[in-house]
Amino acid sequence: MNGNLPDWSCVGITQNCESSAKHSWPGAESRLPLQSIKVTAGMRRVYMDANATTPLLPEVMEAMRPYWMEHFGNASSIHLHGQQAHTAVNRARETMAEFFNCHEAEVVFNSGGTEGDNTAIFGLLRPGDHLITTSIEHSAILEAARRVAHKGVETTFVAPERSGLINPMDIRRAMRPGTRLISVMLANNETGVLQPVEEIGKIAGDAGIFFHIDAVQGAGKVELDVRRFGCHLCSISAHKMHGPKGVGAMFVRRGTPLEPLLVGGSHERRQRAGTENVPGIVGLAKAAELAMHSLADGTIDRLATMRNWLEEAILQIPGTAVNGAHYFDCHPERLIKDCHPERLIKDCHPERLIKDCHPERAQRVEGPAVASSSGEPVPRVANTTNIWFDQLEGEALVIALDLKGVSISGGSACHSGATEPSHVLMAMGLDKTRARASLRFSLLRTATGADIDYVLQVVPQAVEHLRALAPVAAGTMD
Ligand code: PLP
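Per the working numbering, residue 1432 is the first one in the sequence shown, and the count goes up by one each step.
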């Protein structure tokens, strides 16, 4: 083999690649064909950064193939080529309507999550309006909010609880007469924590406020149901769910007065100008169809089992904890709501109510702001875990693992290269040192037991090595 070239011989030869798997994984027999392990110059490579992006599934590639060269027509043309493209877009729209649980006329194809998020903010808000969003959103929302601030739109950024959850009561408290839009993500890209969008949708609906959900990281990992969520707008992106990059879709509830971001032709019912990206749209729909199957056939459950296995094994390393996995010191209202919803509206002292119904948690309410792996689990997407490694610089561990053939990241890919610690973890109350010492492991839907085994082989070694080399913030490990 040429030493400079990767040896891809393992691609597609699953048995050989996985022969060293130590565990028998649930569902191992029904693995999807695309494996994330490849051998580069004799070394395994495991990609565990699915929240940054995912590879196409072969079925997606196949579905898109004819639309690059054969059926290349413009979906607006009236001749045969145009009609072929138009039909493909219509079919994709039907699939996406099923994916969102909405009407076909409520699906708008676009270029992805950033465009959807920007459209929600720029398309609904006018000077004098008030926006409520959260401090753990993706920069596609945070930066858009900063931009409209210059135009006289005030924003309230609601902070999460230390568990990573947004408390719907905090959203309610932030509402005021001029509030026009609430924008909350479905799943956080760094912790995977699923937000209580249904409760927030109800609060928004009761108050007559528009509600946007950034579902980019939740789509394909949990069932989307825009009717149940009670939202007016919902953005998704194909490349986070094994579809192509640069294409996405947005649910726009009928009657929502959303100004288009792009104007020009009358595409997408005048809601998004620009010649349709037909191969991309076809790929998005195929990815959505496969995602729906994987939710129904147990693939996502198996992914959660693998993630838990990975997490539990990494937590055996001293000085580690999961960020955003447990109700740690939940907001008093949330605890009360669990057992005394009727008392929420009364002016009772929260601590007293918690002691009544959750004495074991009352102490935690007063606990310090640190990551914890105790307490009840919070809802999370199946593929993500965010782990803190005491006395480590996360970036050093990312590099060390990369050299060992493992691709993971410290958080949002959009911030890679930035030295600032994660705004999400900081908002959850972790201090800078702990936030910098935290890494995100996000599994592809096609992850295998052999992937997990390999990561578990190299992570403890790398952690031990780095801690011995250059301990940072020594003394924090207790
Ligand atoms: N929203 C969230 C939660 C994301 O994680 C991302 C991408 O990382 C985006 C929006 C932006 O999506 P896209 O890359 O399709 O523009």
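Heads up, the beta-carbon is just placed ideally off N, CA and C, and yes, glycines get one too.
From a predicted model like this one, the values you see are computed outputs, not experimental measurements.
- Looking at the backbone, the Cα of GLY1860 and that of VAL1683 are separated by about 34 Å.
- Beta-bridge partners of ASP1480 (DSSP): SER1873.
- Residues with their Cβ less than 5 Å from any non-hydrogen atom of the ligand PLP, running along the chain, are GLY1543, GLY1544, THR1545, HIS1569, ALA1571, ASN1620, ASP1645, VAL1647, GLN1648, SER1668.
- Around the beta carbon of GLY1609, a 10 Å sphere encloses fewer than 16 other beta carbons of the protein chains shown; the residue is thus reported as exposed.
- The straight-line gap separating the alpha-carbon atoms of SER1614 and HIS1569 is approximately 11 Å.
- Between ALA1551 and HIS1643, the CB-CB gap stays under 9 Å.
- Taking each of GLY1636, PHE1641, ASN1532, ALA1722 in turn and checking the Cα distance to VAL1657, the smallest one comes out for ASN1532.
- When secondary structure is reduced to three states using DSSP, GLY1679 falls in the strand class.
- Pairing GLU1720 with GLU1895, the inter-Cα distance amounts to about 43 Å.
- Approximately 14 Å separates the beta-carbon atoms of LYS1671 and ILE1731; this is outside 8 Å, ruling out the contact.
- The stretch 1817-1830 makes contact with the stretch 1860-1872, as at least three CB pairs between them are under 8 Å.
- Separation of the CB atoms of LEU1689 and GLY1547 is rounded to 11 Å, and the pair is thereby denied contact status at 8 Å.
- Closest in alpha carbon position to THR1736, among ALA1752, THR1565, THR1816, GLY1695, is THR1816.
- Between ALA1899 and HIS1663, the alpha-carbon positions lie close to 52 Å from each other.
- Around the beta carbon of GLY1632, 16 or more other beta carbons sit within 10 angstroms, so the residue counts as buried.
- Burial state of SER1873 is buried, judged by a 10 Å Cβ sphere holding 16 or more other Cβ atoms.
- For GLU1690, the three-state secondary structure derived from DSSP is coil.
- With 16 or more other Cβ atoms inside 10 Å of its own Cβ, MET1527 counts as buried.
- Apart from the 5 residues on each side of it in sequence, HIS1512 sits with its Cβ closer than 8 Å to the Cβ of HIS1502, PHE1503, GLY1504, ASN1505 in its chain, given in chain order.
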